[in-house]
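Residue numbers (this note's numbering): 4 to 129.
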């Protein structure tokens, strides 16, 4: 299955943004790409090889952001019980999928939920 170019561009922007956050690192557990801070995942980026629909999974504690994310086409609470903790999976190839800028805002919120205060302060100083 070919990955739609617009979805791949969004994915690349989100990945680049996530890895630019203080202390962020990329790892590949379970065969998918994740961004971690302090050894904890703050965004699941899935796979970009077309074997699975391209999407991101983020932790959104803010009720308004969480509700907004769930209105995205095809969005759903994350599997494996993560949805109960505020994790949302957002497909990127769906018609009407959020713009990269909004996805990056949500990535930052997820990061702020997971990152230690010291790194959040560093981000705020930027």
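Every residue, glycine too, gets a C-beta built ideally from N, C-alpha and C. Since this is a predicted model, take the numbers as computed values, not measurements.
Checklist entry - Secondary structure at residue 124, three-state DSSP: helix, strand or coil? => result Correct three-state label for residue 124: helix.
Item to check | Buried versus exposed call for residue 134 [16 or more other C-beta atoms within 10 Å across all chains shown] | outcome: The shown model of the chain, from 4 to 129, leaves out residue 134, and the question about it has no answer.
Checklist entry - Cα separation between residue 51 and residue 89? => result Approximately 24 Å between the Cα atoms of the pair.
Checklist entry - Between residue 39 and residue 45, what straight-line distance do the alpha-carbon atoms span, to the nearest angstrom? => result Roughly 6 Å separates the two Cα atoms.
Next on the checklist: Rounded to the nearest angstrom, what separates residue 71 and residue 65 at their Cα positions?
Outcome noted: If I take the Cα positions, the gap works out to 10 Å.
Checklist entry - In chain order, which alpha helix (DSSP H) runs of at least 4 residues are fully inside the segment 4-31? => result Fully enclosed alpha helix (DSSP H) runs of 4 or longer: 8-22.
Checklist entry - For the beta strand (DSSP E) that contains residue 116, what are its first and last residues? => result Per DSSP, residue 116 lies in no beta strand (DSSP E); the unbroken alpha helix (DSSP H) holding it starts and ends at 103-117.
Checklist entry - Just reading off the alpha helix (DSSP H) that residue 73 is part of, what are its end residues? => result Where residue 73 is concerned, the enclosing alpha helix (DSSP H) starts and stops at 66-73.
Checklist entry - Quick one: what's got a C-beta closer than 7 Å to residue 81's C-beta in the same chain, skipping five residues either side? => result Closer than 7 Å at Cβ, skipping near neighbours: 60, 90, 91, 92.
Item to check | According to DSSP, residues forming a beta bridge with residue 61 | outcome: 46, 91, per the DSSP bridge assignment.
Item to check | Residues of its chain near residue 63, where Cβ-Cβ distance is below 7 Å and the 5 sequence neighbours each way are ignored | outcome: So the qualifying residues of the chain are 69, 72, 89, 91, 109, 112, 113.
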